[in-house]
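Participant: Structure in structure tokens, see below.
Protein chains: 4
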Amino acid sequence: MRKLNEECGVFGIYANTPVDAAHEVYLGLYALQHRGQESVGISVCDDGVMRHRKGAGLVHEVFDEDELQKLGTGNIAIGHVRYSTTGGADMNNIQPLVVRHIKGNMSLAHNGNLTNSAQLRRKFELNGAIFHGTSDTEAIAYAIVAARLKCGSTEEAVEAAMNEIKGAYSCVLMTATKLIAFRDPNGFRPLVLGKTENGYIAASESCAIESIGGTVLRDVRPGEIAVIGEDGINSITTHCGRPQTMCVFEYIYFARPDSLLEGEPVQNWRTNAGRMLAKHSPADADIVIGVPDSGIDAALGYSAESGIPYATGFVKNRYIGRSFIQPKQSDRRDAVRIKLNAVSSVVSGKRVIMVDDSIVRGTTSARIVGLLKSAGAKEVHVRISSPPFRFPCWFGTDIDSQENLIACRYDNTEDIARAIGADSLAYLPVRDAQSLTKCGTCTGCFTGDYPIDVSGCGEKNKFEEKIHK
Amino acid sequence: MRKLNEECGVFGIYANTPVDAAHEVYLGLYALQHRGQESVGISVCDDGVMRHRKGAGLVHEVFDEDELQKLGTGNIAIGHVRYSTTGGADMNNIQPLVVRHIKGNMSLAHNGNLTNSAQLRRKFELNGAIFHGTSDTEAIAYAIVAARLKCGSTEEAVEAAMNEIKGAYSCVLMTATKLIAFRDPNGFRPLVLGKTENGYIAASESCAIESIGGTVLRDVRPGEIAVIGEDGINSITTHCGRPQTMCVFEYIYFARPDSLLEGEPVQNWRTNAGRMLAKHSPADADIVIGVPDSGIDAALGYSAESGIPYATGFVKNRYIGRSFIQPKQSDRRDAVRIKLNAVSSVVSGKRVIMVDDSIVRGTTSARIVGLLKSAGAKEVHVRISSPPFRFPCWFGTDIDSQENLIACRYDNTEDIARAIGADSLAYLPVRDAQSLTKCGTCTGCFTGDYPIDVSGCGEKNKFEEKIHK
Amino acid sequence: MRKLNEECGVFGIYANTPVDAAHEVYLGLYALQHRGQESVGISVCDDGVMRHRKGAGLVHEVFDEDELQKLGTGNIAIGHVRYSTTGGADMNNIQPLVVRHIKGNMSLAHNGNLTNSAQLRRKFELNGAIFHGTSDTEAIAYAIVAARLKCGSTEEAVEAAMNEIKGAYSCVLMTATKLIAFRDPNGFRPLVLGKTENGYIAASESCAIESIGGTVLRDVRPGEIAVIGEDGINSITTHCGRPQTMCVFEYIYFARPDSLLEGEPVQNWRTNAGRMLAKHSPADADIVIGVPDSGIDAALGYSAESGIPYATGFVKNRYIGRSFIQPKQSDRRDAVRIKLNAVSSVVSGKRVIMVDDSIVRGTTSARIVGLLKSAGAKEVHVRISSPPFRFPCWFGTDIDSQENLIACRYDNTEDIARAIGADSLAYLPVRDAQSLTKCGTCTGCFTGDYPIDVSGCGEKNKFEEKIHK
Amino acid sequence: MRKLNEECGVFGIYANTPVDAAHEVYLGLYALQHRGQESVGISVCDDGVMRHRKGAGLVHEVFDEDELQKLGTGNIAIGHVRYSTTGGADMNNIQPLVVRHIKGNMSLAHNGNLTNSAQLRRKFELNGAIFHGTSDTEAIAYAIVAARLKCGSTEEAVEAAMNEIKGAYSCVLMTATKLIAFRDPNGFRPLVLGKTENGYIAASESCAIESIGGTVLRDVRPGEIAVIGEDGINSITTHCGRPQTMCVFEYIYFARPDSLLEGEPVQNWRTNAGRMLAKHSPADADIVIGVPDSGIDAALGYSAESGIPYATGFVKNRYIGRSFIQPKQSDRRDAVRIKLNAVSSVVSGKRVIMVDDSIVRGTTSARIVGLLKSAGAKEVHVRISSPPFRFPCWFGTDIDSQENLIACRYDNTEDIARAIGADSLAYLPVRDAQSLTKCGTCTGCFTGDYPIDVSGCGEKNKFEEKIHK
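Residue numbers (the numbering used here), protein chains in the order written: chain A, -10 to 458; chain B, -10 to 458; chain C, -10 to 458; chain D, -10 to 458.
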């Protein structure tokens, strides 16, 4: 069941006294696991000595007691979970990055995507720079280190570097004595500050702060550099002021429903999206069901608004693992059926409204509609709590190529409905998606209108391509 | 979050031509994984040669492509998932059992618990029998093999053995040429027959038959021996006729909601239990929420019956793994918080009805109520879709010892409510639980009234205790 | 480099007070690892409760700290290493066997091979017995348990069982209170007794006793039952008296050179075999070299007797592991070259006498001779410190099938020499091999004359073959 | 049994057509495994795209079929085995290094140790450089990349960089189209060229070339840059001419006995060292034995020269693994006994000359002498085929700190003999060690006289130390 992929979650902790910082980051990353399942890394600062460990897999697969103990105690630590589009194999791309430069050690974890990464890399390479991986994170690190040569402090170096790096970045940066959280001026990706008994947290989402018993303070402002040290949080706000364009897909799918984004509950957004769908795209039906897990809240909203009863129409197998061996000889429908079963007793003989959060290629949607029909559903009306995908994202979401997107392959919604076997289909309009948040949003993947210049994005992967002699 | 444990799920397949039987069983066991997560085994019959492999862990952890290939093709295969109360270490107890006896090879997988296991073992041991493990399964195998010496066929041997073995047993048995599914005369544990394109299935639950694309035929009748071979299904029904006493906890918690038990949808049972609770134990509240995953359906029923809106009050971390490292220094509440977070935006300032399927020790319930209160819930009214546990189960459910059961430790419901921090508490009455199924049920764990004699159950573990010199 | 395979090594320890018995067995088995590398198991008796763990692989691969700790403390423990001819997969065949019978628990480990295994299994099966594996060990256990029903003690049951079981068996048996070591009346396989500070050891070889700091006492006598308990070692000798026929290949290859077999140093045997070869099969040459590791001692003997200087002609790669990936595209010679390299500076331009312990198929010998020639050796004279293999072994050595044995495929030694590319070839004559020990030996694999009846050996594997419907 | 540790082995292959280059490197590294057992890496160049994989462990542990396949085919590949003094954990230090710079990709593997690493790092850091690890290899890479900005080719950049980097380095460097092997002007560490059917090899030792069926061509000259490409091998020799100072410990212990170093057979060196010892330090004894494996050849030389018979005095357990669990309660002698057993039948009652290659702390030597004494040796005369260690090595050998070196702790050889329990002790004099090779050697670890300036070596680990606030 192919979904869109967010590239990262970041988590950092600062304590006034040495604590089991690695374990705190471990727990925090566990709460952010939905933002990346391919690899994970943690780095710990113990009076300036930085230890780090990383690997491909889930948080609890990569880190066992033994690995955590090797990280040791420390008073600052950061971590990162990542979805890798290029395969989990290249260990060099796994974050956090830990580097040694002229002023000491630093460790950096990054969520987002730069739009001028290729240009930055070229610039630094012309000065003799060496890159170990292909991620944007090294480019950010070079920009900071280059500025650090001229600046009195790391935070000033970050401030200077932010003049150079363009695009989406929500970062946590660890030095020997500080934890620095900074966010691009558009605030594409979330970044939240929290408080613990004896220190502070910076995390991609508020749920991670709550999971380790911390209190949510506030979002890092778009463009803000929050410097956490002995004297608490100090902010540099010279890059603040641009209107925010938070990725709307954070609300639609990426963020955990119990998180607050820019102060607004994600679950509310989803329930309200369902309500809007019910208002603008009603259907004559007997029950409303949601596709687990991310379609459930919108389905409840649709049901509440429309008065059509909600029911549990699908049971999902909870024991999924990467190593699961798919059925071979059979058709692909079976692969969906293994993970998702339609409840015949609920849907048989009924006209069903099926709510989901998005359609990418349409193949999975077709199979899910098929499950309902073969379980006896009389009609299946599909309602999607997001607009149709038609354009690439340059800010950190891995959207399929346009030739695969069903909304690019068909002229109108009726044709898509037919392609997935639905009796009717409706999407959430872009203006509705935007109206549901107080903060400004980026809806570029739906409209092709991007809030910042993306003309340099295509150049990126020069060194990953074959160099013909 | 300690729950009750079912001991097993069984799955068997018979095909008229050699197929990738091991992979079919693998998929079927995956659908039955909720019935046992400690160990798994598969045995395959290839023209009389039986290969088997087993291990501790989840289906997809124990079996990789390599392991499945070693099992090879065959036209009959059976498998088993197990929750082990004695630790996953003792490989000898992992089923299916594969044995060689005078008439050939056979493989046996068993769900349930015998009530005369100690007596049977002693009888066979007096004749020179050797036991490799401590499970009941070997006792059943000996009973069949002993009868086989005098009977013309394995099915007749099973028929004769059923005169000896007492208690709960839903079994699949594989010989060189047949798959035999048999069930105790009380029908304590489920066992269902299905049809594939070129053969048959016997499985603990209907969801497993559907998951591999089979069609559900019917439940194996209590006392029935269903013999599946070249000429289809043939039944021996000499042990049928006793009134059924299906374990009511299969409906409450064990079975997957999309399964049918004795033809009745499990999810209906749970929704109806929620409706009954609403009728008999109303509460003045703003929202109804369910504890994921097993309290959701009853909560939806409660909401539908009461008219109080349903909402998603908890978010559960979906990335749980056995190897997760718990928080250490902190109080135990944190361990629950890591896996379950209360959605503040939903519950804050609200009077909440929280529906769950059962309370065992009460400690987890207390923590969950605590999560709601600290997320701002004004009142928490707990409604439980089962009666209180007060007695041991002798038929295959691992209920905690009586000194740990909260319902044994307190005199009345008000005291339990207080102990878990709830503003009110109500259970589903036993008569309601019984009234929700057409088939007869065993409610011994609630009432202490068992449908069959359990006087021999205490003797069981003689050889597991220390023998003092 | 295919070699002959011994099937097992056994080790047992008895202490007067609870010790870390599992770890002692672990160390003992590590010293016996050369006797079996496919699987390993340990069982511990803790006041009558028997815990056991086992797995496929080397001792240090299967048992980590965690696994050893799970075995816990106890005052008796036994263990087993095994070379499995049927693949390491079938966990049921891994020893020690631990079983529960009417008089309690017992655990059994066995080195050797029965000649009437099929007959015994049939007899017990006719009485209702169930076999979990295909090894002889279960048959021995049944024989003991059957006798135990009529005897007052386990040792008497062993004595009675020894009337039934035929062939080669060197066993350690653990009951709740005793460690019993017993050996077949021919004494085919070694079994040695040792003393520790606070107890006793029984092991396949004396090197295992020394490796844990024990003192070697004496060999268990052929036919002896040595009962080790609170009051030390007590012997039952009713089965003693038959002339011993120790497997000569224990001296030639199986046993570790630092072990004593029947009181005679194995290394002496090998050096003397080299001396005999030099006397009876001289060659005009410049240097003598040995094929590592097992041809070195005989080469040193040859050199000492002949006066031709010894040199290190081969370097063996010490980092061999099961998972090593062989060269693919290249010819098979490369596979040998990876593990063994001829030292050009030593052999170039020389007439070389190459001493090895045996030739099985001849393919490896041909490649090794080839290595020498391509490293510049002018002549290669092969001297083998054993007679040629021509017959199967029924007592626990896995000799290749006769159509593969080079000595069966060629009429005379000259032809074999030509086949392996040697300038001359000589074997140790059978009478010389026999003359090197004071104890009687079995040389059946060279002569076809077996010391006991082997007519029943062919029937063995009935239940492993396909049963056609 | 603590030994000195070499830090690395390198291997590179160039083929005119795409081959399974990764597997060839795998086999080559396997032959070099004795030079480093802590970690291993391989990088492959496939038309300019570089894939690499690495991990902690032995070659066959880190690379399975699956891992090798992920590396894919290519026509150039390099690999590295490493002994890590700082723990295998820091994946960033595992070589080969693969980096992207302005002119493309390159991969580098290095054996040796720079003497101006700290100074180089500081210089590059002042220009904004970032270091991912603490190894010298990144400094070499930066020096090459910095030069590459000004030079027309990578080989010219290497030539320029060699003006900057000081110390010991034997490197293989892979670009999109070439394999470059270069060696410091002193030739501290070996580096050899070989020829395959369709290309070339550069490897730390000749044994690795032979192991994959290649032909040894010659050593890379001290200071030479050998550029291997489409038109064969081209050399840049501008840095050649300085007198060679090959590490004498390569002859004594590091190199495999079947390797040629600067054209001289290593095994000859060792045998001759034994002969010299016999000449200069005779002893009145009955037998000569060697400590396996590295003392054997010198023992054979001692025996040949002295006429005292050689015998196999020790048996070493061949099944050693990293995960082996040491004996706990017992004294440390047992740990040696587990791996090494003295053969009583050989040494009992004898005056024994025991030859070993070196003594570091003396504790292991003391235990080995103890093994001989407790096996009955009347006298033990220890002869060491190297001079005593008294000084640190700055060129890649991990010698223990001076306070641990037994030769620093005692004034004279008699005291050391007494400390290890030997009846007499003699070392190979430094002048003898030097006289055994035609090429010049570095004997700094014995004399404290180093062939180049080592004054900058102490500064190295600035960023690994704690930075106090």
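The beta carbon of each residue, even a glycine, is placed where N, CA and C say it ideally should be.
Report the start-end ranges of each alpha helix (DSSP H) in the region 240 to 304 of chain A that is 4 residues or longer and not cut off at the edges.
Facilitator: Taking only runs of at least 4 residues, the alpha helix (DSSP H) segments lying wholly in the region 240 to 304 of chain A are 255 to 269 and 285 to 295.
Participant: Residues bridged to C:Leu47 by DSSP?
Facilitator: In the DSSP output, where bridge partners are listed per residue, C:Leu47 has none listed.
Participant: Measuring only the C-alpha atoms, how far is D:Gly359 from D:Glu368?
Facilitator: Those two C-alpha atoms are separated by around 11 Å.
Participant: So, is D:Asn81 buried or exposed, given that buried needs 16 or more other C-beta atoms within 10 angstroms?
Facilitator: Flag for D:Asn81 reads buried.
Participant: How about the region 142 to 150 of chain C and the region 194 to 202 of chain C: do they share at least three Cβ pairs that are nearer than 8 Å?
Facilitator: Contact between the region 142 to 150 of chain C and the region 194 to 202 of chain C is absent, because fewer than three Cβ pairs lie under 8 Å.
Participant: Would you mind telling me which residues of chain D sit closer than 8 Å to C:Gln58, beta carbon to beta carbon, in chain order?
Facilitator: The contacting residues do not exist; C:Gln58 stays about 10 Å from chain D at best.
Participant: Output the distance between the C-alpha atoms of A:Cys446 and A:Ser106, rounded to the nearest integer angstrom.
Facilitator: One C-alpha to the other measures close to 8 Å.
Participant: Counting only Cβ-Cβ distances shorter than 8 Å, please list the residues of the region 126 to 140 of chain D near chain A, keeping chain order.
Facilitator: Residues Glu127, Ala130, Tyr131, Val134, Ala135 and Leu138.
Participant: At the level of alpha carbons, what is the spacing between B:Asp9 and A:Tyr308?
Facilitator: Roughly 22 Å separates the two Cα atoms.
Participant: Got a sec, what are the start and stop residues for the beta strand (DSSP E) A:Ser32 sits in?
Facilitator: Element bounds for A:Ser32: Ser28 to Asp35.
Participant: Tell me where the beta strand (DSSP E) around A:Asp208 begins and ends.
Facilitator: Residues Thr204 to Asp208.
Participant: Name the chain A residues whose beta carbon is nearer than 9 Å to that of B:Thr143?
Facilitator: Those do not exist, as B:Thr143 stays about 31 Å from chain A at its closest Cβ, beyond 9 Å.
Participant: Just to confirm, is the Cβ distance from D:Ile395 to D:Arg356 under 7 Å?
Facilitator: In this structure, D:Arg356 does not lie closer than 7 Å to D:Ile395 by Cβ.
Participant: Is it buried or exposed for C:Glu186, if we count other Cβ within 10 angstroms and need 16 for buried?
Facilitator: Exposed, since its Cβ has fewer than 16 Cβ neighbours within 10 Å.
Participant: Please name the residue, chosen from C:Arg24, C:Asn306, C:Pro7 and C:Arg259, that lies closest to C:Val(-1) on a Cα-to-Cα basis.
Facilitator: Selected option, being the one with the closest Cα: C:Arg24.
Participant: Name the DSSP bridge partner or partners of D:Ser224?
Facilitator: Note: D:Ser224 sits in a beta bridge opposite D:Ala215.
Participant: Whose CA, out of A:Gly437, A:Gly433 and A:Ser333, lies closest to the CA of B:Val205?
Facilitator: The candidate whose alpha carbon is nearest that of B:Val205 is A:Ser333.
Participant: List in chain order: all unbroken beta strand (DSSP E) runs of 3+ residues lying wholly within the region 55 to 119 of chain A.
Facilitator: Here the runs fully enclosed are 63 to 71, 86 to 90 and 93 to 103.
Participant: Any beta carbon from chain D within less than 7 Å of C:Gly310's own beta carbon?
Facilitator: Answer yes: the Cβ-Cβ gap between C:Gly310 and chain D drops below 7 Å somewhere.
Participant: Which residue comes first and which comes last in the alpha helix (DSSP H) that contains D:Ser424?
Facilitator: Counting along the chain, the alpha helix (DSSP H) containing D:Ser424 begins and ends at Val419 to Ser424.
Participant: From what residue to what residue does the beta strand (DSSP E) around D:Leu21 run?
Facilitator: From DSSP, D:Leu21 is part of no beta strand (DSSP E); its letter is neither H nor E.
Participant: Can you give the beta carbon distance from C:Ala4 to C:Asn94, rounded, assuming they're within the 8 Å contact cut?
Facilitator: Incorrect: roughly 18 Å between the Cβ atoms, too far for contact.
Participant: Look at the alpha carbon of C:Ala408 and the alpha carbon of B:Ser32, and state the distance between them as a whole number of angstroms.
Facilitator: Answer to the nearest angstrom: the Cα atoms are 46 Å apart.
Participant: Go to A:Lys362, then tell me how far its alpha helix (DSSP H) extends in each direction, as first and last residue.
Facilitator: Looking at the DSSP string, the run of the alpha helix (DSSP H) that includes A:Lys362 is Thr352 to Ser363.
Participant: What are the boundary residues of the beta strand (DSSP E) that D:Ala345 is part of?
Facilitator: Reading the sequence as shown, one finds Asp at residue 345 of chain D and not Ala. Per DSSP, D:Asp345 belongs to the beta strand (DSSP E) from Arg340 to Asp345.
Participant: Consider the Cβ of B:Pro246: report whether some Cβ of chain A lies at a distance smaller than 7 Å.
Facilitator: Yes, B:Pro246 lies at the interface with chain A (some Cβ there is under 7 Å from its Cβ).
Participant: So, under 8 Å CB-CB, D:Arg340 and D:Asp275 are touching, yes? Tell me the CB distance rounded to an integer number of Å.
Facilitator: Between D:Asp275 and D:Arg340 the Cβ distance is about 5 Å, and since that is below 8 Å, they are a contact.
Participant: A:Tyr72 touches chain B at which residues, Cβ-Cβ below 8 Å?
Facilitator: Correct list: empty, because the minimum Cβ distance to chain B is about 13 Å.
Participant: I'd like to confirm the pairing. Which residues does DSSP put opposite A:Met39 in its beta bridges?
Facilitator: Bridge partners of A:Met39: A:Cys34.
Participant: Please list the terminal residues of the continuous alpha helix (DSSP H) segment that includes B:Ile190.
Facilitator: Here B:Ile190 belongs to no alpha helix (DSSP H); instead the beta strand (DSSP E) covers Gly188 to Ala192.
Participant: How do the region 428 to 442 of chain C and the region 152 to 162 of chain D stand: do at least 3 beta-carbon pairs fall below 8 Å, yes or no?
Facilitator: Cβ pair count under 8 Å is below three, so no.
Participant: Taking the alpha-carbon positions, what's the D:Thr426 to C:Ile285 distance?
Facilitator: When rounded, the distance between both Cα atoms is 29 Å.
Participant: Determine, for D:Asn304, whether the minimum Cβ-Cβ distance to residues of chain C falls below 7 Å.
Facilitator: Residue 304 of chain D is actually Val in this sequence, not Asn. By this cut-off, D:Val304 is an interface position.
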